[in-house]
Every structure is written in structure tokens, then in C-alpha cells.
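Quick note, the sequence shown lines up with residues -26 to -1, 1 to 967 if you use mature numbering (1 follows the signal peptide of the UniProt record, and there is no 0).
Beta carbons: idealized from backbone N, C-alpha and C, even for Gly.
Notes to accompany the following structure.
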Amino acid sequence: MFKYVDFRCLAIVLTVIRLLSLGAFAEECQKSIKAMPWPSIYENVEFFPFGVVFIDGGSNCELDFGPYLNQTKKDVMSTFYLNIVCAKPTQVKIKNPSNVQRKNVISYIIVRKACEIDLEGLAVFSNATDYRVLAMLEGAFMKTPNSSQEVQQLQSQINKIGTLTIQGGSKGLPEIFVKYNWSLMAEIQFFKLSIQSLPKTLKFSMPRLQGLELSHNELVEPPDFPWDDEELPLPGNLSRKAVFNEQYQGTTEVKPNLYRRFLTLDFNKIQNLSRFEFRGHLQRLSIKGNGLKAIGENCLVHLTGINAIDLSVNKLDALPKGIFRGLKDLFHLRLNNNNITVIHVETFADSKRMKKLYLNNNNIERISKGLLLQHEDLEELHLQNNLIVKVEHGALPNNSNKLKNLNLNGNQLQTIPSDVFLTRSLESANLANNVITFEGIIETLHSIIIERLLNVLRKSVSDMSRELRTDSVYIDLTNNNIKAMDTNELTKEQMVKLGMVLQVFEMNFKNNPILCDCRALNITRIIKGIISKYSHINERRFQSWVCAAPPQLKGKRIVSIAEENFVCVRNLSGCPVEGTCSVRQTDGSIIIDARDKNLKQLPHMLPVGTNLEIFLDNNQITELSMRGYLGNVSVLHLSRNKIQQINDSFIESLTKVRQLSIDRNELKRLPRSIESLTSRKTFVSLALHSNYLECDCRSKWMKGWLMNSSDKINDIENVKCASGMSQGRPIYRVPLKDFICEEKKVETKFNPRGNNDLLVIVSVTLGVLLVIITAVFMMVYFFRGEMKVFIYTHFDWHPFDRIDDSDPSKIYDAFISYSSHDQEWVHNELKQKLEGHEPPYKICFHDRDFEVGASIQDNIINSVNRSKRMIMVLSNRFLESEWCRLEFRAAHHKVLQDKTNYLIVILFEGIDTNALDDETRLYLRTNTYLSVTNKWFWQKLLYSLPKPQGTVKENQSLGVQGSSRQMSIEIKEYDTASSGNEKRKEGMEESKM
């Protein structure tokens, strides 16, 4: 009743804290008081809100409690609570020089840490009050006189103490509490005193002891306790208030005017109780954490009035069949964290008042029928972290109106126990981390009679209505094995039971391998029907029902999936070995999935069907040949291939196609038959963007077609010209006058005038040869940059000037520096070409790859140092940006330091040379740059970049044809002899390449 940890809420409170030694000044003692009112915990006890007293002083600190005690009333019962804490070793002298007397005040002293009090001070305190509680905690010490006669005299003045707590500070019990009589002692707590056995004289010096707590000692066997079965009332007719009494009694039932009868032996060394028998009246017995290995069948049966037993955190591997027989008042039992494998069906037969049972963290494999069926007072059952494979029907109290929580987390269950669905009072069941399958759930429902299930789930039992209850029962099924949810073979009755359960039980399916194939369609329809019919149920109840497969549905909630997306993989004749074939549940369509299979051409044969959906994205297909199945294709996806041409006959053969995706290929032209394709009413969408479409006089028709079909063209803004004066512009935005064809240049051949004179012929021949050799030499010299690009483009050879890019710290192929005003071209053209290259370049973008939290300067320097090249998109807007100029200076410094062609300058538009700073102007006058209007711009850019990892040549990605293509290279340099104005020269070499 007076246990020290419960004294926070006493009526009149005086707490003395932190007695600190100040060294040599023994007489000094500084005090400060802070008011801290706490409520009374006793009925009819007046409350006086005294605060906290702090004392800082020397090795001897006097504490005069008289002035504070004097504020209590003489004729009203109250309580006085003195808590002394010392941060340093301090001798505390408790004084009452004014001799204040309050025998109507029940008082307490709690001493903590490095405090030393003396017996004389306790006697002074006891003579002034009705002194009942002493607690010495965390090493606090009580000094006694050397004279035994004086000790006896002082002890007789404090022998009314009823509650004693000693924690640490010494080994064994102080002699004063063993040798002398404490006839009113009701509770003792001896913690961390290395006690190996309890003195036998204690039984006689404390004959009325009610509670004995000996945790964290070295006992090897329990003491013979209790000594007396008679209950002891509180002094002064005190009665605890309801809130405090609930805290005081814990898991037992203790009357508010009595002391509790506890025996606590936690964390000792008691390992064998096979022959020991507890006897007498106890309300709680705890032998937690002893390493207990054996317990006898008669160990507990002679206890009377026992409410709670704790045998947890031991090493028990078996329980005797009748260990709890006769314990009819037992309603809180802890057997968790042992090695128990079997629980006999009659183990708890006599303890039908059980409210909370903890069997978790054992090795139990089965819960047998009848084990707890009659325990209708059971409120909580903990069976988590065992090896349970089966909870038999009728093992749990399914007729109970009190069972609220069931925990079976971390076992080996494959089915949900039927009692989960049949216990009306249940609020939550934790079945996470088992191996429960959807088939197991159906198996459980099959075993339950529908009338019984209806009686449990109906809204009202009394009126026998078929309306189901609106409150939900939560079942945690996370981390199980719920995969295929096949309801196609269920009977009508089974479907009804499944619908009833889904209406009442909220099942958490998080982290299950749910397969959203054709078999999941029926249950999805049931769920959507429930949501639409009942207003109190919404999609949130099923938000954890998330698909894990197939890949295209992974991460999607099952209620959000359209019915046509529920398909099943089938082993169909004619299915390509490289792919998979599926059948849609709703319309029987066959879906052929051969994405990412490195295919070079369309499959020759496919399964027979009238409605084929073909997915061939991300392969290596270069041409589209005629196939017999094309007339049955409704969906055809060919994105991310290398298709260079589509014939009219191919388009015309797609008589049923609704969706066609040919984006991200190498198409330069489209057949005009595609107009009729998109004009069909049944046609839905065409993906065409990110190709190399030419915009000349032959493609003028595309502008009007695109505008007329804009509602069916995906991402029409990225259907752009890849060449000509409108390069990079959406085709439908290009003016008709700009769709022009360049005139072909007529080549003239040198035809020397004939001469019959042999000498003339030889001379002319040699002269012509000399001219040719000279011309070739001059071409090679002046156009050596173009020649290098040509050789690299056609033969994958980088002659003479390849930079060593083997530095592992350079994780990016290039860092792109550009103005945000040029972002559209950079992202839609430059980024798409480089990252869409095969193999792709690894590009560093400031808006994607800069480190969050680092300064802009640090990010720029790090990006330059970690990139093999820097691409600078030079425009007037670029020159206006301070950060862009900083990026240029960092790159220029690296060029000067490493003496390499690290910096690649792209001239995006005409530059105002007056806006150039001296460093930029000097670099442009002495180095070459690339112009986006140049016909060979992309080939030159790839030549300047490091070679990406992989084996696919760059000319495949950019659609370069053969050596028959003529090179017409236009390089623009700044004239070093100019007066600062920008001049352009046609046909010059990029001599720095």
C-alpha cells in the first residue's frame, strides 16, 4: 500500500532534492522551494499542496521539517511526504527544533542516491508524526549508533513503520531490520542486495508481513512465505481512492483498505521447483527471469486467493498436467518466453476466470480443441511467436462476450482459425507473419455453417435480422502467403459466406504476394459491389490489397484495376518461346508479351485468335515484315525498337488495330496509308513521338493529318522534325512553306582534252594525278575533323585523339551546362538523344543530380570533376547567368589543367559578342564549337563524347545510313582577326577535334 513508486500523488507533499556537498563549509546548506501540488490518493484525507525543496550544502546538511509540518491542520488527517536526493555524498541531519507535533499526519521518508541519514533523525521525524514508510533507494545509506542500547532505544521510536524499501547500497540486510521487532511491518522490498537466503528470524521480527519482494538477488530457492494468512488493514482507517487502488493492485484484486499480499522473486537463481510447494494466501506470485527449468505438479496447488502468476522469461519446456488445478481465482497468467512445446487440453480447466493469458514466445505447435472453450471471461490471448500450425475449432471461447484481442503473429498457420470468425466480441486478431493462403481462408469458411456465421455477424441477435453489423473486426494478415485469389470454383453458399466476411472483417493484406490475374476478377467484383452498396464501407478498407504481380499491375490497389486488365498466363500453341501468352477474363483476348527479348523481327507465328494484343517494346526489330496474324491484331506495341521504315501494305493489313505504338524508333517517313488507319472510328491511339522524321516537301501532308488526328496522337508535341530548317519543332506547328526539298547538286567530272601526242597524255595524266593528290591532301588537311567523324561513324574507330577516360571517379559521361530558358531543347532533344542512345550515355543534370544540401558552387565543382566531358549549351541567356559562367570557368580551368578536349561547346543561337567576358571570348577564338543547325551536328557530338559502355554502335542510335551519304560539314568559328564582331565561315574544319 505504501510502496515507494506510488507516492507521487500524496495529499501534502514536501520533496527535498539534490543535497550537494560544497566542500569545506560543513555548516552551509542552501535551500530553495518550488511548489508542486499533487492530488490526494486516499478517501477523506485533506490535500495540502506543498512543493519541492532543493538543498545545496556541505557534508552536513540540516533539514528542519517543522515549518512545513506546521502548515497542516491538527484535527484533519493528512499525509506528509519527504523525498531526499543527493547528487554527491552528503550527511543529512533531520531536525525539528521548534518541536512541531502532528500525530494526525501519516508521514513518509524517501532517501535517494548519495544521501546518508541517521537513525536519530528518523526518530525525530517519527516522534513528530505518524511515521509509516521508509525507502532507501539507489545506494542511499542509514547510519546507526555504535551502541546497541542506543540503537534499540531509537528503533523503538520508529517501529511503527509499515512499508520498507531498500535498493542497493550494501550487501545483505541492515542488522537493525533483522535483529529488532517490527510488529507492524506489512510490506518489504529488498532489491539488489545480493541476498542468498532470507534470515529465519525475519518471520518472528515481522510476524504480520503481507508482501515480500526480493527481485534481483541471488536466491536459489523461495523463502517460506507467507507466514500469516490474515489480511492487514491500512492504518488510521485509510482507504485508497479508486484510481490509485487500480494502480496499486496491478493485475490482482485488492480491497482499497487492505495491504496487498505479493511474493516477488524476479531475477534470482531459482532453477528447480520440482519439489517445492508454495502455501498460504497470496494474491500475486512472480518468479520471472530465474532460468527456471522444472516445476512440480503440486508447486502451486496449495495457494489460496491467487489472482496472478508470472513464470515468464524462464527455461520451462513442459508444464505438468495439473499444475494449475484448484486455482479458481487465477485470472492473469504469464508463461511467455519459455521453451514450452505442448499445452495439455486440461491445463487451465480449473481457472475459468482467466482474463489475460500470455503463452507467446514459446515452441507450441498446436492449440487443441477445448483448451479455452469454457473460459468466457478471457479478454486477451497472446500466442504470438510460437510454431503453431493449427488452432482447432473450439479451442477458443467463441461464445465469449469479452474476448477482444487475439494475437497469433509469427506462427506457421496456413488457415485462419474458425473461432476468429465465430467470436462476436472480437475486435482484432493479429495473424501477421504466418503462411496463410487465400485457399486457407476459403477452407475455413467452408468448415463453418452459414447459419452459425450469420448469427455471429448479424447486426442484432435479438430480432434475428439478416442485416449485418456495421462495426468492423480488424484482422492483420500482413506478411502471409496470400497469392492467387481464385473463386471460380466456389459454390453459391461459399460466395455468400465470403461476401459476409468481407463486409464485416477488415483484412490487412499488406506485404502479400497477391497475384492480380484473371482469377482475382470475381473477388474484385464482390468488393466493388460491397463498396457501392454500403455507405459505411469505402475503398480505404481494401487499400492494403495491393498487387505484387503481374509486373504491369505491381503496386496497384486491386479495387483500382479495370476489369480488362485481369488476365491469366496460358501455355498456348504458337506462343513465342521468348515471351508469354495470356488470356483476358472478360473478352477472351490473347495478350502476347515479348518485351525486352532482343528480338530482331516480328514473330513468325502466334496463337490462333480473333483478338490479339502484341507487346514487342524494347527489342532490336529493324523492319516490319508481313505476317498472317496481322489482321487479328487489336493492339500492337513496337516502342523502343530500331524500325527504319513502314510500308503501306503493313499498315493496310492492320484491319482491327485499335492501338499502335511505334514511338522511339528510327523512322524518317510514314506511309500515307496511316491517315486511313487513324480515321477509323474504332482506332483509339497512335504513339509516334521520338523518331527521326524528316520535314520536307514529301512530308507536307503530315501537318494536316496530325492536326486532324490530334485527339488520337499521343504526345503530339514531341512528334518533331529531326532535320531541315524546322529541326526540333513539333511537325503540326511547322508552316507549310517550310516543307521544302533541297535541289540536288549536279556533279561535274574533269574531262581532259584529248591529245594524240603520248607526251601530252602522260603530262596531262601526271598533272591531273598531282592535282588530285594535292586536292585530296588539302581536303584531308582542311577537313580532317570531318574525316575523323566519318571514320568514327562508319568504322567505330577514333583515330589518334581518343582521351583516356578510364578514371573510375568520373561516374558521368557528360555534365550539361545550360540556361533554364533553353531547357525545352535540352530536355526534349539533347537529353532524349543521349540517354536514349544504345548503350545510353550517363548524363549529369543540375536539376536532377545535384546533391541536396550542398552549396551550388560545391555542386558545380563536384559535377565537373566527376564528369568525363562538359557540354556547354551557349546562348545569350546562358551568358546572362552567373551560375552558368561559373560552370564555364570550372570547365575551362580543368581544360587548362589537364590539357584535354574536355569542354564541348554547342552554339544554340547567334551570340552577342559584346556580352562575352574576356575568358569566354578567348576560349571561343581558340577552340571549335558545334552548331545545332549543322547537318552533321549529332555525329560530331558523339565523336566528341567518351564512348559509352556497351557494344552497340552510335550510328545505329542516330540512324546513320551507309557510306554513300555525303558529308556537308559546316563549322563555325570566331575569327581571331576580327575587331570583336562575330563572323561565320562556311566549310571550315573543326581543327581542334
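Spatial neighbours of residue i within its chain, please: CB distance less than 8 Å, with the 5 preceding and 5 following residues excluded, ordered by chain position.
i	result
Lys48	Arg76, Asn78
Phe819	Ile790, Lys805
Arg106	Phe(-25), Ile80, Ser81, Tyr82, Lys134, Ile135, Gly136, Thr137, Pro209
Asn334	Asn310, Asn311, His356, Leu357, Gln358, Asn359, Asn360, Asn381
Val98	Ile68, Lys69, Asn70
Lys215	Ser14, Ile15, Tyr16, Glu17, Pro230
With respect to the beta strand (DSSP E) encompassing residue i, which residues constitute its N-terminal and C-terminal limits?
i	result
His420	Premise fails: His420 lies in the alpha helix (DSSP H), 412 to 421, not in any beta strand (DSSP E).
Glu36	34 to 38
Gln223	Per DSSP, Gln223 belongs to no beta strand (DSSP E); it is in the alpha helix (DSSP H), 216 to 223.
Phe236	236 to 238
Ser608	607 to 611
Ser659	659 to 661
Ser635	633 to 635
Ile790	788 to 791
Met681	No beta strand (DSSP E) contains Met681, which is instead part of the alpha helix (DSSP H) from 675 to 682.
Residue i: buried (16+ other C-beta within 10 angstroms of its C-beta) or exposed?
i	result
His510	exposed
residue 969	Nothing about residue 969 can be read from this structure; the chain reaches only from -26 to 967.
Met579	exposed
Gln141	buried
Phe24	With a pLDDT of 44 at Phe24, under the threshold of 50, the modelled position of this residue cannot be trusted, and the question is left open.
Ser(-6)	Annotation note: pLDDT 35 at Ser(-6) (below 50); position unreliable, coordinate value reported separately. When all chains shown are included, Ser(-6) counts as buried.
Arg727	Because the pLDDT of Arg727 is 44, which lies under 50, any placement of that residue in the model is unreliable, and the question is left without a value.
Trp675	exposed
Ile747	exposed
Asp781	exposed
Gln45	exposed
Phe54	buried
Ile817	buried
Asn454	buried
Val582	exposed
Leu710	exposed
Determine the closest residue to residue i out of the options, with distance taken between C-alpha atoms.
i	options	result
Thr452	Ala292, Arg443, Thr411	Thr411
Asp821	Glu812, His801, Leu307	His801
Thr907	Glu854, Cys695, Pro782	Cys695
Leu472	Ala292, Tyr222, Lys816, Ile501	Ile501
Lys655	Ser683, Ile341, Pro181	Ser683
Leu176	Tyr154, Lys166, Ile244, Leu167	Tyr154
Leu442	Asn454, Lys574, Thr465, Lys507	Lys507
Tyr332	His356, Ala323, Asn313	His356
Ile687	Pro709, Asp712, Tyr706, Ala661	Ala661
Ser402	Ser179, Asn379, Leu212	Asn379
Pro41	Glu354, Lys842, Ile68	Ile68
Leu301	Ile150, His255, Leu290	His255
Met438	Val316, Leu427, Ser446	Leu427
Ala160	Glu883, Gly146, Gly185	Gly185
Gln526	Phe589, Pro371, Glu809	Phe589
Ser837	Ala864, Gly548, Glu854, Cys492	Ala864
Leu183	Ser157, Asn191, Val194	Ser157
Gln127	Ser144, Ala109, Ser100	Ser100
Please go through the same chain and pick out, in chain order, the residues whose beta-carbon is closer than 7 Å to the beta-carbon of residue i, but skip the five residues on each side of it.
i	result
Ala102	Leu43, Asn70, Val74, Gln75, Arg76
Glu649	Trp679
Asp202	Pro181, Arg182
Mind checking which residues open and close the alpha helix (DSSP H) that includes residue i?
i	result
His510	No alpha helix (DSSP H) contains His510, which DSSP labels as neither H nor E.
Gln65	Unbroken run through Gln65 is the beta strand (DSSP E), 52 to 69; no alpha helix (DSSP H).
Arg822	820 to 823
Lys77	Here Lys77 belongs to no alpha helix (DSSP H); instead the beta strand (DSSP E) covers 76 to 92.
Ignore the nearest five residues each way along the sequence and tell me which others in residue i's own chain have a CB closer than 6 Å to its CB.
i	result
Ser697	Glu668
Lys530	Cys521
Is the beta carbon of residue i within less than 7 Å of some heavy atom of the ligand PLP?
i	result
Gly113	Among the components of this structure there are no ligands whatsoever, and the ligand PLP is therefore not found.
### Task
Could you name each continuous alpha helix (DSSP H) segment of 4 residues or more that falls completely within the stretch 143 to 187, going from the start of the chain to the end?
150 to 153, 176 to 179
#### Entry: Completely contained beta strand (DSSP E) runs for the stretch 99 to 142, where each covers 3 or more residues
103 to 111, 115 to 117, 137 to 141
### Message
To test your reading of the DSSP string, which unbroken beta strand (DSSP E) runs of 3 or more residues are found completely within the stretch 267 to 300?
### Response
276 to 278, 282 to 284
### Query
Taking the runs of the beta strand (DSSP E) that are 3 residues or longer, which of them lie wholly in the stretch 239 to 269?
253 to 255, 258 to 260
### Message
Just to confirm the assignment: which complete beta strand (DSSP E) runs, minimum length 3, are found wholly within the stretch 437 to 491?
### Response
447 to 450, 479 to 482
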